[in-house]
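Trainee: Heads up: the sequence shown begins at 0 in numbering that gives the first Met the number 0, then just goes up one per residue.
Pasting a structure here, questions to come.
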Amino acid sequence: MPEYPPGHPSRGWVTAQVALGANLGDAAHTLRYAVQALAQAPGLRLEKVSGLYRTAPIGAGGPDYFNAVAQVATLLTAPALLAVLQATEQRFGRERPYPNAPRTLDLDLLLYGSAHIGSPTLTVPHPRMWQRAFVLVPLADIAPDLVSDPALAAVQGQPIERVGEVPGWQLFL
Ligand code: AMP
Numbered sequence: 000m001p002e003y004p005p006g007h008p009s010r011g012w013v014t015a016q017v018a019l020g021a022n023l024g025d026a027a028h029t030l031r032y033a034v035q036a037l038a039q040a041p042g043l044r045l046e047k048v049s050g051l052y053r054t055a056p057i058g059a060g061g062p063d064y065f066n067a068v069a070q071v072a073t074l075l076t077a078p079a080l081l082a083v084l085q086a087t088e089q090r091f092g093r094e095r096p097y098p099n100a101p102r103t104l105d106l107d108l109l110l111y112g113s114a115h116i117g118s119p120t121l122t123v124p125h126p127r128m129w130q131r132a133f134v135l136v137p138l139a140d141i142a143p144d145l146v147s148d149p150a151l152a153a154v155q156g157q158p159i160e161r162v163g164e165v166p167g168w169q170l171f172l
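Set out below in structure tokens:
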């Protein structure tokens with residue numbers, strides 16, 4: 000059997016984790032829209048979604064952020080998955096998926112199997128994920144093996160509050 004690199008179409012399904020963030024308007028529903036978009040994208044299967052968390056913005060003013068992490072299985076390469084995330088961000092900016100939908104949706108590719116990628120447009124693992132409680136705490140919800148206790152301890156000074164679930168995400172499984 001040849002050894003295919005991660006993301007090669009012959010390699011099959013790869014598990015990947017995606018961070019979701021929104022901080023304007025009904026941010027919980029924005030994240031629901033993002034989860035639905037991931038679940039419905041060709042070549043993606045939604046596996047798990049963390050709890051919904053609320054955090055104060057880091058290094059900026061403005062409303063609190065709502066954050067979650069989704070785990071998908073995907074047949075897409077990592078760059079193709081990033082393209083889906085960016086298209087979803089842009090679509091959200093164009094569409095009005097619910098009344099008075101705000102404009103800000105941020106989707107980051109955290110991990111793509113065990114791949115290490117460093118291209119001009121894509122770095123995986125995400126370079127700032129280990130410094131952010133709003134990534135590590137929800138990631139630990141759904142993939143505890145990927146987040147060590149020292150990694151969680153390193154961000155424990157950052158306030159983060161669990162506020163429930165991404166509304167209705169189980170409908171998209
Ligand atoms: P931002 O929307 O501010 O998070 O930044 C998006 C930019 O980061 C885009 O130009 C991406 O090409 C780049 N980027 C690099 N690595 C990643 C990653 N793992 N996930 C999302 N965007 C990434």
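All C-beta atoms in this analysis are idealised placements derived from N, C-alpha and C, irrespective of residue type, glycine included.
(1) Taking C-alpha atoms, which residue in GLN89, GLY42, LEU170 and GLY20 lies nearest to ALA55?
(2) Name the DSSP beta bridge partners of ASP105, please?
(3) Along the chain, where does the alpha helix (DSSP H) that runs through GLY92 open and close?
(4) Once the 5 residues before and after LEU84 are set aside, which same chain residues still bring their CB inside 7 Å of it?
(5) Grab the span of the alpha helix (DSSP H) containing GLN70 for me, first residue to last.
(6) Go ahead and pull the three-state DSSP assignment for ARG127.
(7) Can you tell which of ILE116, LEU45, ILE159 and ALA153 has the C-alpha that lies nearest to the C-alpha of ALA77?
(8) Ends of the alpha helix (DSSP H) at ILE57?
(9) For ILE159, count neighbouring C-beta atoms within 10 Å of its own C-beta (all shown protein chains included) and say buried if the count is 16 or more, exposed if not.
(10) Could you check whether the segment 136 to 145 touches the segment 29 to 37, counting it as contact only if at least three pairs of C-beta atoms, one from each stretch, sit closer than 8 Å?
(11) Helix, strand or coil, according to DSSP, for ALA150 in the structure here?
(12) Tell me, to the nearest whole angstrom, how far the beta carbon of GLY50 is from that of ARG161; I am working on the premise that it is less than 8 Å.
(13) Rounded to a whole number of angstroms, what is the C-alpha to C-alpha distance between LEU75 and ALA27?
Mentor: Taking the definition as stated:
(1) Taking the first residue of the sequence shown as 1, we reach residue 55 at position 56. Ranking the options by Cα distance to ALA55, first place goes to GLY20.
(2) Counting from one through the sequence shown, the residue named residue 105 turns up at place 106. BP columns for ASP105 point to GLY20.
(3) Within the sequence shown, residue 92 is the residue found at index 93, counting from 1. That run of the alpha helix (DSSP H) goes 77 to 93.
(4) For the purposes of this step, residue 84 is taken as residue 85 along the sequence shown, with counting starting at 1. So the list reads VAL17, LEU106 and LEU108, once near-sequence residues are dropped.
(5) In the sequence shown, counting from the first residue as 1, residue 70 sits at position 71. Where GLN70 is concerned, there is no enclosing alpha helix (DSSP H), although the beta strand (DSSP E) it sits in stretches over 64 to 73.
(6) For the purposes of this step, residue 127 is taken as the residue at position 128 of the sequence shown. Reduced to three states, the DSSP call for ARG127 is coil.
(7) Numbered from 1 along the sequence shown, position 78 holds the residue referred to as residue 77. When only C-alpha atoms are compared, the closest one is ILE116.
(8) Locating residue 57 in the sequence shown gives position 58, counting from the first residue. Per DSSP, ILE57 belongs to no alpha helix (DSSP H) and is neither H nor E.
(9) One-based indexing of the sequence shown puts residue 159 at position 160. With 16 or more other Cβ atoms within 10 Å, it is buried.
(10) no
(11) In the sequence shown, residue 150 corresponds to position 151, counting from 1. Helix, per DSSP.
(12) Within the sequence shown, the letter at position 51 stands for residue 50. Within the sequence shown, the letter at position 162 stands for residue 161. The pair is a contact, with the Cβ atoms about 5 Å apart (cut-off 8 Å).
(13) Stepping through the sequence shown from its first residue, residue 75 is reached at position 76. Stepping through the sequence shown from its first residue, residue 27 is reached at position 28. Computed Cα separation, rounded: 27 Å.
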